[in-house]
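These protein sequence lines map, in sequence, to chains A and B.
Position one of the first sequence corresponds to residue 38 (our numbering), numbered consecutively onward.
Position one of the second sequence corresponds to residue 1015 (our numbering), numbered consecutively onward.
These notes are about the structure you will find just below.
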Amino acid sequence: MESSLNGSSPIVVVRDVHKSFGGVQALAGVSLEIDTGTVLGLLGPNGAGKTTLVRVLTTLLDPDEGSATVAGFDVRRERTRVRPLIGLAGQSAAIDDTLTGRENLEMVANLYHMGRARAATRTGELLARFDLTDAADRPARTYSGGMRRRLDLAASLVADPEVLFLDEPTTGLDPQARLELWTVIRELVATGTTVLLTTQYLEEADQLADEIVVIDHGRIIAQGTAADLKARSGGEHLTVRVSDLAALGQVREVLKAEGDGPPAVDDATGTVSVAVSNGPARLAGVVRRLDEAEVAIADIGLRQPTLDEVFLSLTGHRAESELADAPTGAV
Amino acid sequence: MVVSMDALRVEARYAPGDILQLWKRNMLAYRRQPDLLVFSTIQPVMFVLLFAYVFGGAIQTGPVDYIDFLLPGILAQSVLFGSTQTGVGLAVDVTSGMIDRYRTLPMARSAVVAGRILADTTRNVFVVGLMLGVGFLIGFRYHGTVAGAIAMPFVAVLFGQTFCWISAAIGTSVRRAETAQVASFVWLFPLVFVSSVFVPVETMPDWLKVVAENSPVTHTVNAMRGLALGTDFWEPLVKALAWMAGIMAVFVPLAVWRYRSIQ
């Protein structure tokens, strides 16, 4: 499909989109643009409205108010124009378990009406590209989680879409499979595909996206590059790690007194961190106070904020834990 | 939902091919899922044998052999129970995200439901054929015309196809496959048993007899019996076809509408 758009214009335009489900507002006026050939990371916790926005943009859901266009076509009034231009890989791999990898891709190719010969060629290409050639003629139910996601991604790329929507593509994958998928997504972006990626993994947005939109309770609360967002959360962070988890409460009180915002406590790693200005002086103060309180410090240091801390400083609450199980039916 | 001229053009141009694609997909699934195949073949055969030999001696059907009375009824019962699989299959596709994929493709909207029903109808052709074969082995015989003999299983398949649309409307309205199954059997069981499928309706209490006599299942089974036994079949056949037309008139649009409004 030949694009009529040049590199600098937005290919996806969202204007003030609202969507409610029986009184629960999933999207409360979202506006954004995605430039052709870039990756937009839509970052937010479960229930923030990420999937709802993806469903609006992929013609699965009509917005209550507002409008959205993909390549200039309205997602509500010109669905049949939008559909040939987009690919969607959702939260759960939308593949048929009883069909083989090859049959899954061929079916999708046939439903794009690309002709038998081209469908077979394209299927072969995608299987090779996603390292599924050896497993191509086995039913998909024998695939690992990572293979299923790769097959799903391959299916979303069958018609070489202008815009690819990846809704939490690595949720529920083990770290190894996640890294593999990141590599695949980077390769895709290198070929010029425009991508909208939703994620609750802050690291993932940082790794893959050119621009990040932070969404919470159906509203955009921040927008910018990863570096912009880090700068907005007040520069340096002071982190203290203790080996005795019982001391976390004391550490939290000390950091609350010395820091510039609410401290973030991570029980799993036994760390507490807080945004600080004038870091070195605060570091000395924290060490002194903890020493007086007879708290044994395992590790202490100053560093640039993570996006998790950015989220905390923007919303006042933490993003979902990255260790959380795959969400089911998230809005 | 806005229905545009574009959408109608896509529908007209691609529906036949896309339905065939979905039919193929579902047929492959049948072939590769032995448990589905067991459900759709062994169970109906078991029903034929159980009813013929367990109830055969106890149920009086006048001058007609019980197996000759039973087989048309059990064919109808099998295609009715089998129709639940349409809804279950669609509900599975909704849960797995498969429907989302289909709905983002530039394919005909009607193909997912219609392809599924075409596959279920194909399965019904096999099941009906198999049951007829088993029936012949244990003594079932046609007593009517050749045309009647050919028409009888055809009516069964058409009847099953009709109920697939009800099942499709259920499958696209519930959240889980298990719900689709239960939501179908809850009304299918009484519908099948309060009819002439297993016993002559004359043996039922009056209030139940009224229900049974006007049931689409009774009309269909009586038409099939008429065709197989060479007795009168026109009246029940016309009533059965009227029921089927009525059910289709309500449930085809309903199923399509439910499919379109899945969110």
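For every residue, glycine included, the Cβ atom is placed at its ideal position computed from N, Cα and C.
Source: prediction; values computed, not measured.
Beta-carbon proximity of residue i to residue j, cut-off 8 Å
i       : j       : result
L94/A   : V251/A  : no
L194/A  : L163/A  : yes
A1066/B : L1084/B : yes
V226/A  : E273/A  : no
R256/A  : A105/A  : no
T117/A  : D1020/B : yes
L122/A  : V107/A  : yes
M1166/B : L1241/B : yes
T1055/B : V1148/B : no
L1119/B : R113/A  : no
Reduced DSSP category for residue i - H, G, I as helix; E, B as strand; rest coil
i       : result
E346/A  : helix
F202/A  : strand
D303/A  : strand
A259/A  : strand
V76/A   : strand
V232/A  : strand
G308/A  : First, the amino acid is wrong: residue 308/A is Thr here, not Gly. The answer is strand: DSSP assigns T308/A an E or B state.
F1212/B : coil
G84/A   : coil
G1149/B : helix
F1069/B : helix
D168/A  : coil
P176/A  : strand
G296/A  : coil
F1154/B : coil
First through last residue of the beta strand (DSSP E) which encompasses residue i
i       : result
H274/A  : 274-279
V107/A  : 102-107
G66/A   : 61-72
H55/A   : 47-58
E248/A  : 248-253
A1170/B : Per DSSP, A1170/B belongs to no beta strand (DSSP E); it is in the alpha helix (DSSP H), 1160-1185.
L125/A  : 123-126
Closer than 8 Å to chain A by CB, residue i
i       : result
Q1035/B : yes
D1049/B : no
Y1028/B : yes
T1234/B : no
P1167/B : no
L1132/B : no
T1118/B : yes
D1220/B : no
Residue range of the alpha helix (DSSP H) that includes residue i
i       : result
Q1057/B : 1057-1064
T1098/B : 1080-1110
D336/A  : Premise fails: D336/A lies in the beta strand (DSSP E), 334-340, not in any alpha helix (DSSP H).
F1199/B : 1191-1207
A131/A  : That residue, A131/A, is in no alpha helix (DSSP H); it is neither H nor E in DSSP.
T220/A  : 212-227
D197/A  : Per DSSP, D197/A belongs to no alpha helix (DSSP H) and is neither H nor E.
Top-ranked residue by Cα proximity to residue i, from the options
i       : options                            : result
T1176/B : R1123/B, S1097/B, V1215/B          : S1097/B
D265/A  : D247/A, G60/A, A335/A, V279/A      : D247/A
K267/A  : R116/A, D345/A, R166/A, L77/A      : D345/A
P206/A  : R139/A, T88/A, L292/A              : T88/A
L275/A  : Q341/A, G138/A, D168/A, A126/A     : Q341/A
E240/A  : A105/A, I258/A, V309/A, T343/A     : T343/A
A1254/B : L1205/B, A1237/B, M1262/B          : A1237/B
A333/A  : G74/A, T308/A, F348/A              : T308/A
F1069/B : S1054/B, F1053/B, I1088/B, I1056/B : I1088/B
F1289/B : N1138/B, I1184/B, W1179/B          : Outside the shown range of chain B (1015 to 1277) lies residue 1289/B, about which nothing can therefore be said.
L1104/B : W1201/B, E1192/B, F1203/B          : E1192/B
V1264/B : V1160/B, A1026/B, V1252/B, I1180/B : I1180/B
V1102/B : V1188/B, V1235/B, E1227/B          : V1188/B
G138/A  : I249/A, A263/A, S181/A             : S181/A
M1121/B : G1031/B, T1159/B, W1271/B          : G1031/B
I1152/B : V1235/B, D1082/B, T1234/B          : D1082/B
T1186/B : V1224/B, L1243/B, V1126/B          : V1126/B
Y1279/B : F1095/B, L1063/B, Y1116/B, W1037/B : The question about residue 1279/B has no answer here: the residues shown for chain B are numbered 1015 through 1277.
T378/A  : F348/A, I132/A, P317/A, G84/A      : Residue 378/A cannot be examined here, being either before or after the span of chain A that is shown, 38 to 368.
D111/A  : V51/A, L351/A, D189/A              : V51/A
C-beta neighbour in chain B for residue i, strict 8 Å
i      : result
D253/A : no
P100/A : no
P206/A : no
A65/A  : no
A154/A : no
T88/A  : no
D197/A : no
N147/A : yes
R185/A : no
Interface residues of chain D facing residue i [CB-CB closer than 9 Å]
i      : result
Y180/A : This model lacks chain D altogether, as its protein chains are A and B.
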